[in-house]
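So for the sequence shown, the numbering used here puts the first residue at 48; every next one is plus one.
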Amino acid sequence: MADPLSVAGSIAGLLSLAGTILAEGYKYVASVRNSPNALKQLLSEISRLEAVLGQIDELALESAANTSSIQGSKQRISEVITPDTIKAASDLLKSVHLSIKHCERIPGQSAKNIGRAIVWPFKEREVKENLDRFQRLIKTFELALSIESSHLLRNINKRTSEMQNEQQGWLILPFA
Numbered sequence: 048m049a050d051p052l053s054v055a056g057s058i059a060g061l062l063s064l065a066g067t068i069l070a071e072g073y074k075y076v077a078s079v080r081n082s083p084n085a086l087k088q089l090l091s092e093i094s095r096l097e098a099v100l101g102q103i104d105e106l107a108l109e110s111a112a113n114t115s116s117i118q119g120s121k122q123r124i125s126e127v128i129t130p131d132t133i134k135a136a137s138d139l140l141k142s143v144h145l146s147i148k149h150c151e152r153i154p155g156q157s158a159k160n161i162g163r164a165i166v167w168p169f170k171e172r173e174v175k176e177n178l179d180r181f182q183r184l185i186k187t188f189e190l191a192l193s194i195e196s197s198h199l200l201r202n203i204n205k206r207t208s209e210m211q212n213e214q215q216g217w218l219i220l221p222f223a
């Protein structure tokens with residue numbers, strides 16, 4: 048099991064990297080008339096990954112506010128999201144980022160830019176493998192999100208029941 052604080056920091060790092068890749072990727076797509084469909088598919092998966100990571104980050108904070116224990120929330124998340132999962136996500140994001148960087152235009156070098164725009168570094172098989180990897184990672188992160196959501200709902204239900212019992216006690220007290 049990973050250190051919960053390390054996992055939380057790693058999620059923040061993955062969010063930052065995904066945001067950078069999305070910005071650069073969509074900038075590239077907008078600047079190249081016939082940008083590769085494979086890049087658009089990869090960007091779509093990165094966007095899904097970023098959304099799930101953002102939800103995990105927000106839910107962990109919300110759970111901590113509702114349960115007064117951020118450590119417990121991070122502990123549950125770190126039980127699903129292992130260092131290997133974080134590394135796999137980071138490596139995959141970096142690979143796509145490097146490919147986008149390889150294709151970016153360099154100001155003042157029009158001949159090189161034509162070649163960069165034409166040559167997309169991933170083969171169709173690699174794109175499919177990367178899409179599959181993204182989907183597996185997203186499912187893992189969604190599992191962590193589901194576990195944390197379930198825990199948060201249980202805590203809210205417990206607190207609601209406690210408040211309801213307390214209020215019923217108030218109503219019975221004057222008539223006793």
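Ideal Cβ positions, reconstructed from N, Cα and C, are used throughout, including at glycine. Just so it is clear, the structure is predicted and the values come from calculations on it, not from any experiment.
Item, Value
"Please report the residue range of the alpha helix (DSSP H) in which GLU195 lies.", "171–219"
"In whole angstroms, what is the alpha-carbon distance linking ILE203 and SER94?", "30 Å"
"Expressed to the nearest angstrom, what Euclidean distance is found between the alpha-carbon atoms of ILE124 and HIS144?", "26 Å"
"Just confirm the distance between the C-beta atoms of ILE133 and ILE103, as a whole number of angstroms; I'd bet it's less than 8 Å.", "The Cβ separation is near 12 Å, so there is no contact."
"Beta-carbon separation of LEU178 and LEU90 under 8 Å?", "no"
"So for PRO130, helix, strand or coil by DSSP?", "helix"
"With distances taken from CA atoms, which of ALA136, THR207 and LEU106 is nearest SER197?", "LEU106"
"How about GLU97 and ALA65: are their beta carbons less than 8 Å apart?", "yes"
"Between LYS141 and the rest of its own chain, which residues show a CB-CB distance below 8 Å, the 5 nearest in sequence each way excluded?", "LEU64"
"Indicate whether VAL99 and ILE194 have their beta-carbon atoms separated by less than 8 Å.", "no"
"What separation, rounded to the nearest whole angstrom, lies between the Cα atoms of MET48 and LEU192?", "Bear in mind that a pLDDT of 48 at MET48, under 50, signals an unreliable position, so the number given afterwards is only what the model happens to contain. Their backbone Cα atoms lie some 17 Å apart in a straight line."
"How many Å lie between LEU62 and TYR73 at the Cα?", "16 Å"
"Could you check if ILE68 is buried or exposed, using at least 16 other CB atoms within 10 Å of its CB as the buried criterion?", "buried"
"In or out: SER53 buried (at least 16 other Cβ within 10 Å) or exposed?", "exposed"
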